[in-house]
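The block underneath contains the structure these notes are about, expressed in structure tokens.
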Amino acid sequence: MEGSKINVLIPENTMKDYNRASSDEEEEEETTDNYSRSSDEEKMNKELEQQKAKAKSEVEIVLRSFNARLEERRINGIMLPLGYRFWPSDDELIKPYLYSKILGKAVPPHPIIDINLSDYDPDKLPFDENCKPNEAYFFTCLEYKRVKGSVLRVVAKNGYWETRGGDVPVFSDKERKMMVGFKKNWTFLFGEAPAGKRSIWSMSELRLNPRLIPTNQIQIGDNLKFKMVNCAVCKIKKQLL
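Pasting the structure below:
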């Protein structure tokens with residue numbers, strides 16, 4: 029018997045069950061492999077979509093920044109050249125800007141904003157990028173409160189503007205023959221008057237010389253009279269320490 033082979037007979041039904049089980053295992057392994065590949069593809073597609081969304085977001089941020097810089101170079105819808113800065117002299121602020129504003133004429137492109145000065149403290153004012161740093165210009169109608177002698181005040185939110193000097197004439201020529209208006213210098217104080225604390229904010233108020241109004245050409249009504257007396261263009265500046 030040594031070295032002889034032993035033949036084992038396996039029932040036919042058992043063999044069929046074995047083959048069927050082996051086939052099911054192979055199909056299950058193939059299904060598992062297919063599922064694994066499908067999951068990997070979905071993960072790769074998801075990562076690709078995330079990368080595309082991130083790149084699109086970065087492009088949109090760059091475009092918004094670029095468009096914002098373009099808008100900063102616009103005044104009244106007019107595109108300004110690179111390097112433009114609004115830096116007018118006192119007489120130029122009065123004429124043509126304030127002069128045209130009072131008469132309701134077309135005003136050259138400018139970053140001067142209409143405000144009610146009493147509604148703002150200077151550190152909350154809107155500053156335009158087209159002006160010099162720490163400097164801004166505003167059209168406003170000032171209503172003074174006379175305290176004593178030449179001391180005048182304009183009340184704001186958390187303080188007040190105060191001046192102790194009189195008007196200084198503003199001329200448009202070196203010969204000082206053409207007086208276009210008047211200038212008054214103010215300082216802002218935080219707190220309640222008269223014990224307010226002096227701040228680093230100063231203001232130059234510029235008003236039009238009423239004699240420049242062509243009274244023989246236009247009708248002077250109450251509204252125009254009010255503007256001639258009260259309307260001003262103000263240059264507000266933050267003093268650097």
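The opening residue of the sequence shown carries number 29 in our numbering; numbering runs sequentially from there.
For glycine and all other residues, C-beta sits at the position ideal for the given N, C-alpha and C.
Around the beta carbon of Asn244, fewer than 16 other beta carbons sit within 10 angstroms, so the residue counts as exposed. If you look at Met231, you'll find it in the beta strand (DSSP E) that goes Lys225 to Leu236. Looking at the backbone, the Cα of Val179 and that of Pro222 are separated by about 11 Å.
Setting aside the 5 residues that flank it on each side, Trp229 is surrounded in the same chain by Pro150, Asp151, Thr215, Phe216, Ile264, Lys265, Lys266 and Gln267, each with a C-beta closer than 8 Å to its C-beta; the list follows chain order.
In the DSSP assignment, the residues bridged to Trp189 are Val182 and Phe216.
Val182 sits close to Trp189, with the two beta carbons spaced by under 8 Å. Counting every other CB atom within 10 Å of its CB across the protein chains shown gives Glu233 a total of 16 or more, marking it as buried.
With 16 or more other Cβ atoms inside 10 Å of its own Cβ, Gly187 counts as buried.
The straight-line gap separating the alpha-carbon atoms of Gly177 and Ile89 is approximately 57 Å. DSSP lists Phe210 as the beta-bridge partner residues of Pro197. In this structure Gly224 does not touch Lys212 by the C-beta definition: roughly 18 Å separates them, more than the 8 Å allowed. Just so you know, the alpha carbons of Pro242 and Gly219 end up roughly 43 Å apart. Setting aside the 5 residues that flank it on each side, Asp201 has no residue in the same chain whose C-beta is closer than 6 Å to its C-beta.
Between Phe166 and Ile143, the CB-CB gap stays under 8 Å. Counting only the Cα atoms, Phe199 lies some 7 Å from Lys205.
Exclusion of the five residues before and after Val175 leaves Arg181 as the residues of its chain whose Cβ lies within less than 7 Å of its Cβ.
For Ile264, the uninterrupted beta strand (DSSP E) run begins and ends at Cys259 to Lys266, by DSSP. The C-alpha of Lys129 is placed about 15 Å away from the C-alpha of Asp118.
Residue burial is scored here from C-beta neighbours: Val257 has fewer than 16 other C-beta atoms within 10 angstroms and is therefore classed as exposed.
Residue Ile140 holds the alpha-carbon nearest to the alpha-carbon of Phe155 among Ile140, Ala81 and Ala184.
Using a Cβ distance threshold of 8 Å, Leu252 and Leu126 do not count as a contacting pair. Closest in C-alpha terms to Arg226, from the list Phe254, Glu70, Thr191 and Val208, comes Thr191. Distances from the CA of Arg239 to each of Cys262, Val261, Phe254 and Met207 were compared; the closest alpha carbon is that of Met207.
By the neighbour-count definition (other C-beta atoms within 10 Å, threshold 16), Leu121 is a buried residue. The secondary-structure analysis by DSSP pairs Asp142 across a beta bridge with Phe167. Taking the Cα positions, Ile246 is about 18 Å away from Lys123.
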